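In our numbering, the protein residues as written are 32 to 759.
Below: the structure, in structure tokens.
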């Protein structure tokens with residue numbers, strides 16, 4: 032069975048974005064076809080941007096909502112200090128290479144004075160209706176050398192023609208305005224949301240026509256998400272797949288594949304972007320065509336996509352952003368981080384500070400590549416491995432072993448041991464993606480020992496592991512496609528010194544011994560016990576710390592060269608009374624033990640935040656020991672209700688008392704109050720208001736239930752989640 036290549040690829044060998052295969056091709060033939068798939072030049076340019084920024088700004092910014100319905104008065108749009116230069120300056124200093132503006136969101140309000148609708152900035156009081164946010168944004172990008180991205184929502188909840196063929200004309204007209212009046216555009220983001228318009232009808236989008244317009248007017252632009260060049264990674268949490276293939280099977284016939292790279296008949300690959308596996312060998316079986324379709328990871332620096340003042344204290348920290356960077360750019364994807372401007376028209380200082388710190392952190396970590404200072408020895412090489420080939424940052428220089436090398440590897444050795452806890456790998460993706468597995472080993476105590484391993488590499492793979500000290504390491508490539516793997520870059524880096532707490536955050540009864548340590552043996556730890564941020568003037572850690580009261584411990588580590596790690600904090604709460612459980616909670620939801628129920632800290636509404644004890648299908652039975660006879664007036668139990676997770680309050684709770692732990696007297700049966708239908712998680716309190724004297728022991732028995740009819744998982748065992756028992 033021979034491979035089928037479309038005519039356009041025979042004419043233009045450098046552009047093999049899609050390769051067709053005959054139905055029934057063998058696994059070997061499919062792998063051979065996969066080796067022929069290449070990124071188009073526009074995809075190659077886009078991939079190397081690595082960090083791009085989303086700017087959600089529009090009517091929703093001023094109405095304090097996420098999805099407007101298209102009925103808000105244009106007069107509401109009125110930023111008093113719009114400063115697009117501040118946007119771009121902030122992003123550029125933070126290392127971003129492209130900025131993407133929401134020119135029109137689902138509400139249909141346009142940030143440019145479109146001649147095809149009155150629902151735009153021209154009918155707002157901003158600049159007396161003579162303003163143009165898109166122009167100011169593009170001008171700011173041009174001045175600073177920032178690439179331009181535009182988001183244009185096909186879903187339009189304002190436009191009266193939505194739901195008819197006339198709307199496709201309207202959308203094409205708006206596309207044409209944006210792509211002809213504002214200079215070069217490098218990415219066009221087409222959202223897949225398709226709800227009802229003002230007439231209660233959904234729209235049949237003419238995607239192929241939209242693509243033709245973009246390819247004709249801005250051929251260098253990648254068409255993302257609903258387009259043929261860039262796919263959505265499948266989540267909005269900032270994390271890509273552990274195995275992220277850019278070469279994936281696509282759902283159209285071989286005779287259609289040539290359309291993807293031409294200006295006519297462009298077809299979007301038909302995939303489910305949320306599938307965990309998109310490109311493994313097993314996934315290739317049965318494919319009609321294979322396409323280069325890389326992932327974009329979109330996530331917001333805040334809980335929402337548009338700015339909300341109420342979220343000013345919920346901005347992701349630089350530490351969290353670093354983790355997201357490693358799990359997006361470091362997993363063969365491009366990061367699209369949303370940084371929403373405020374109602375004033377600027378990026379908030381809280382956001383800017385974390386972006387700046389992220390950039391400083393990345394510079395600190397990746398400044399010195401330890402591989403550069405070592406002697407590199409390959410197991411074999413198809414051509415001479417020149418000095419610097421693996422560390423010069425160029426994808427055009429690379430190592431490729433001989434095809435008959437049964438165990439391809441490269442070793443680096445230093446005269447003196449080096450510390451490192453992070454590794455970067457890159458393939459020369461202009462020649463395709465091949466590697467399926469890699470292993471890093473270090474020579475320690477007279478033997479090769481595993482350090483870390485992974486699967487795909489692609490454009491870039493970054494792996495983090497506990498810091499080690501070694502004078503010799505080797506990279507092994509045991510699994511790959513084609514005759515031999517290729518590596519264009521190899522980097523080993525010293526991670527920021529990390530502080531670890533043992534035990535982690537928990538409640539304790541009498542006292543607790545806390546140990547701090549770091550994976551950098553040369554680093555020094557500084558800490559505080561009063562909740563203040565530690566500095567190098569704070570207490571220097573030299574041994575276990577004894578805690579006798581509720582204490583917030585903060586700590587950070589500093590390497591000998593002055594590199595400081597992130598501040599870490601843990602809260603250790605002294606429990607007010609002892610709690611004994613008859614049945615252990617589910618192993619996934621232990622929250623550090625039963626004392627969590629008496630530490631005075633509420634768990635919020637997130638079931639998996641390590642603040643809740645969870646019991647599946649079992650009753651909750653707990654004995655409370657107040658330590659001595661006590662006068663009380665109230666007992667309150669705090670339960671979680673989250674229908675999506677099958678979490679419900681108990682049917683009822685029996686409250687009992689005892690003086691000797693042998694005989695128990697039931698004094699009250701509590702039931703949750705009837706509440707309206709809830710669509711979001713909530714905390715449900717069950718309270719007993721009753722004055723009692725000289726009570727020491729309580730027992731509570733919460734009767735579990737089945738998931739009620741009409742709810743997901745009806746009839747299955749329900750969960751009981753409890754986070755606190757309050758006694759006054």
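Glycine residues also receive a C-beta, built at the ideal position from the N, C-alpha and C atoms.
All figures in this text were calculated on a predicted structure; none of them were measured in a lab.
Review point. Is it buried or exposed for residue 295, if we count other Cβ within 10 angstroms and need 16 for buried?
Key: Low local confidence applies: a pLDDT of 41 at residue 295 is under 50, so the model's placement there is unreliable, with the coordinate-based value given in what follows. For residue 295, the number of other beta carbons within 10 angstroms of its own is below 16, and it is reported as exposed.
Handout entry: Member of 113, 168 and 144 whose CA lies at the smallest distance from the CA of residue 130
Key = When C-alpha distances from residue 130 are compared across 113, 168 and 144, the shortest belongs to 168.
- Query: Does DSSP put residue 674 in a helix, in a strand, or in coil?
  - Reply: Residue state, collapsed to three classes: helix.
Check your understanding: Counting pairs of Cβ atoms below 8 Å between the stretch 599-606 and the stretch 531-550, do you hit three or more?
Key -> Judged by Cβ distances under 8 Å, the stretch 599-606 makes contact with the stretch 531-550, as three or more pairs qualify.
Worksheet item: Looking only at its own chain, which residues have a Cβ that is under 6 Å from the Cβ of residue 77, when we skip the five neighbours before and after it?
Response: Result list for residue 77: 253, in chain order.
For residue 469, which residues from the same chain have a beta carbon less than 6 Å from its beta carbon, with the 5 sequence-adjacent residues on both sides left out? Apart from the 5 residues on each side of it in sequence, residue 469 sits with its Cβ closer than 6 Å to the Cβ of 485 and 508 in its chain, given in chain order.
Requested in this report: May I ask you to list the residues that DSSP assigns as paired with residue 441?
Outcome: For residue 441, which the question treats as bridged, DSSP gives the partners 409 and 506.
If I follow the unbroken beta strand (DSSP E) through residue 724, where does it start and stop? Annotation for residue 724: the continuous beta strand (DSSP E) segment containing it runs 713-734.
**Prompt:** Under 8 Å between the Cβ atoms of residue 584 and residue 567?
**Reply:** Between residue 584 and residue 567, the C-beta gap is not smaller than 8 Å, which leaves the two residues out of contact.
- Can you give the Cα-Cα distance for residue 332 and residue 627, rounded to whole angstroms? Distance between the alpha carbons of residue 332 and residue 627: 30 Å.
If you run the structure through DSSP and keep just helix, strand and coil, what is residue 153? Here residue 153 sits in helix by DSSP.
Next on the checklist: Classify residue 559: buried if its beta carbon has 16 or more other beta carbons within 10 angstroms, exposed otherwise.
Outcome noted: By the neighbour-count criterion, in which 16 or more other beta carbons inside 10 Å mark a residue as buried, residue 559 falls on the buried side.
- Grouping DSSP H, G and I as helix and E and B as strand, with all else coil, what is residue 520? In this structure, residue 520 counts as strand in the three-state DSSP scheme.
TODO: Could you pull the start and end residues of the beta strand (DSSP E) that residue 470 belongs to?
DONE: Residue 470: member of the beta strand (DSSP E) spanning 466-475, first to last residue.
Tell me whether the stretch 630-638 and the stretch 671-679 touch, counting them as touching only if at least three CB pairs, one residue from each stretch, are closer than 8 Å. Because the criterion of three Cβ pairs below 8 Å is met, the stretch 630-638 and the stretch 671-679 touch.
Self-check item: Span of the alpha helix (DSSP H) around residue 575
Solution: Careful: residue 575 lies outside any alpha helix (DSSP H) and carries neither H nor E.
Along the beta strand (DSSP E) that carries residue 687, what are the first and last residues, could you check?
Residue 687 -> beta strand (DSSP E) spans 683-689.
task = Please confirm whether residue 278 and residue 464 have their CB atoms less than 8 Å apart.
result = Contact flag set, yes.
Please state if the CB of residue 700 and the CB of residue 763 are separated by a distance shorter than 8 Å. Nothing about residue 763 can be read from this structure; the chain reaches only from 32 to 759.
Exercise. If you drop the 5 nearest sequence neighbours on each side, which residues of the same chain put their C-beta closer than 6 Å to that of residue 434?
Worked result: Counting only Cβ-Cβ distances below 6 Å, and skipping sequence neighbours, we find 514 and 515.
_Does residue 740 pass the burial test, meaning 16 or more other C-beta atoms within 10 Å, or should it be called exposed?_
Classification for residue 740: exposed.
**Study point:** Beta-carbon proximity of residue 389 to residue 349, cut-off 8 Å
**Key:** Their beta carbons are under 8 Å apart, which means residue 389 touches residue 349 by this criterion.
Checklist entry - So residue 749 packs on residue 738, CB below 8 Å; how close in whole Å? => result About 5 Å separates the two Cβ atoms, so the contact holds.
Under three-state DSSP, which class holds residue 363?
-> Coil at residue 363, not helix or strand.
Next item on the list: Starting from residue 242, trace the alpha helix (DSSP H) both ways and give me its first and last residue.
Entry: Residue range 238-248 is occupied by the alpha helix (DSSP H) that includes residue 242.
Nearest neighbour of residue 665, chosen from 757, 381 and 395 [CA to CA]: If we check each option's Cα against that of residue 665, 757 comes out closest.
In angstroms with no decimal places, state the Cα-to-Cα distance between residue 239 and residue 194.
If I take the Cα positions, the gap works out to 17 Å.
If contacts are defined as beta-carbon pairs under 8 Å, then residue 438 and residue 410 qualify, I think. What distance do you get, rounded to the angstrom?
A Cβ-Cβ separation of about 6 Å places residue 438 in contact with residue 410 under the 8 Å criterion.
My understanding is that residue 751 touches residue 651, with C-beta atoms under 8 Å, so please give their C-beta distance in whole angstroms.
-> Right, the Cβ-Cβ distance comes to about 5 Å (below 8 Å), so this counts as a contact.
Note to self: Suppose contacts are defined by Cβ-Cβ distances below 8 Å. Is residue 667 in contact with residue 716 by that definition?
What the structure shows: Yes, the Cβ-Cβ distance between residue 667 and residue 716 is below 8 Å.
- [ ] May I ask you to report which of helix, strand or coil DSSP gives residue 482?
- [x] It is a strand residue.
Count the C-beta pairs between the stretch 176-183 and the stretch 206-224 that are closer than 8 Å, then say yes if the count reaches three, no if not.
Three or more beta-carbon pairs drawn from the stretch 176-183 and the stretch 206-224 are found closer than 8 Å, and the two stretches are therefore classed as touching.
Requested in this report: Output the distance between the C-alpha atoms of residue 285 and residue 339, rounded to the nearest integer angstrom.
Outcome: Note that residue 285 has pLDDT 41, beneath the 50 cutoff, so the model's placement of it is unreliable and the number below is only indicative. One C-alpha to the other measures close to 48 Å.
Inset, instruction - Have a look at 280, 363 and 346 and flag the residue whose alpha-carbon is nearest the alpha-carbon of residue 315. - result: The residue among 280, 363 and 346 with its C-alpha nearest the C-alpha of residue 315 is 280.
- Task: Use the C-beta contact count for residue 692: other C-beta atoms within 10 angstroms, 16 or more gives buried, fewer gives exposed.
- Result: Within 10 angstroms of the beta-carbon of residue 692 lie fewer than 16 other beta-carbons, which makes it exposed.
Is there contact here, the stretch 57-73 with the stretch 158-172, by at least three beta-carbon pairs under 8 Å? The stretch 57-73 makes no contact with the stretch 158-172; the number of CB pairs closer than 8 Å stays below 3.
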